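J.:
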Amino acid sequence: MKRLPNKFFQRDVLQVAPELLGKILVRCFPNGTEKRYAITEVEAYRGAEDLACHAAKGRTVRTTVMFGEGGHVYVYLIYGMYWMLNFVTSTENIPQAVLIRSIEGFSGPGRLGRELQLDKTFYGENLGISDRLWIEDAPVITNYQISTRIGVDYAGDEWAGKPWRYYF
DNA sequence: GTAAGGATTGGC
DNA sequence: CCAATCCTTACT
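Numbering-wise, numbering that gives the first Met the number 0 puts 40 at position 41 of the first sequence, and it's gapless, one number per residue.
1) Jot down the residue ranges of each uninterrupted beta strand (DSSP E) in the stretch 62 to 137, minimum 3 residues, whole runs only, in chain order.
2) Drop a sphere of 10 angstroms on the beta-carbon of D118, count the other beta-carbons inside from all chains shown, and report buried for 16 or more, exposed for fewer.
3) CA-CA distance, V199 and A96?
4) On the three-state DSSP scale, how would you describe E157?
5) Given a cut-off of 8 Å, decide if D136 and K22 are closer than it, judged by their beta-carbon atoms.
6) Per DSSP, which residues does I140 bridge with? Please list them.
7) So what does DSSP say about L19, is it helix, strand or coil?
8) Taking 8 Å as the threshold (C-beta atoms), are V41 and L126 in contact?
9) Measuring alpha carbon to alpha carbon, tell me which of M83, V74, L20, G67 ends up nearest F121.
10) Sort I38, R2, E18 by Cα distance to G107 and report the nearest one.
11) With DSSP run on the structure shown, which of helix, strand or coil describes K1?
Take a look at the structure:
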């Protein structure tokens, strides 16, 4: 299997997100164990205009990595207990990210983060060179489902209604 | 310095 | 339905 180069992520998030379905997420744990999981559900967060995207609040300490180039990891703690895993896409100054909502065998972004033992040290991790987290290529999934994003009602009808959730 | 609330989950 | 639990952000 071949590791996806950062270039894969340096395109528009609406193009990258659906292509990530079926790709293999590889996690090398501190004890040396290496596990692989197929990505089964993702959501796209697109730019400063997207009110559901954290970058809509502007460039802050937390969202800085999204303003950088694609191929890096954006993680943050939600509800005081769950680490959400995102991959930054596009190029500099265009804040976009793909939220990995679930992987094979684990439903829900919170449980995914717990399984992968994520923490703040993963913030900014480079998927192209990291030795503990990266993505490997796999055949593209063509028969995936689309729906609106989860839990973003606060963003208003226009943005909460975008069909930017992809799963199979 | 202080307060409010969140891209969730599991239990009542 | 609602508590758990703590970091980030927005205000004073």
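Ideal Cβ placement from N, Cα and C applies to all residues, glycine included. The structure displayed is predicted, hence computed values, not measured ones.
T.: Considering the structure as presented:
1) 72 to 77, 81 to 87, 95 to 102, 132 to 135
2) Locating residue 118 in the first sequence gives position 119, where the first residue counts as 1. Looking at its Cβ environment, which holds fewer than 16 other Cβ atoms inside 10 Å, D118 is exposed.
3) Only positions 0 to 167 of the chain appear in this structure, which leaves residue 199 out of reach.
4) If you number the first sequence from 1, residue 157 lands on position 158. Helix.
5) Walking along the first sequence from the start, residue 22 turns up at place 23. Walking along the first sequence from the start, residue 136 turns up at place 137. In contact: K22 and D136 (Cβ atoms closer than 8 Å).
6) Along the first sequence, one-based indexing puts residue 140 at 141. Bridge partners of I140: none, in fact.
7) Numbered from its first residue, the first sequence carries residue 19 at position 20. Helix, per DSSP.
8) Residue numbering aside, residue 126 sits at position 127 when the first sequence is read from its first letter. Residue numbering aside, residue 41 sits at position 42 when the first sequence is read from its first letter. No.
9) In the first sequence, residue 121 corresponds to position 122, counting from 1. The residue with the shortest Cα to Cα distance from F121 is V74.
10) Reading the first sequence from its first residue, position 108 is the one you call residue 107. The option with the nearest alpha carbon to G107 is I38.
11) On the first sequence, residue 1 is found 2 positions in, with the first residue counted as 1. Three-state result, K1: coil.
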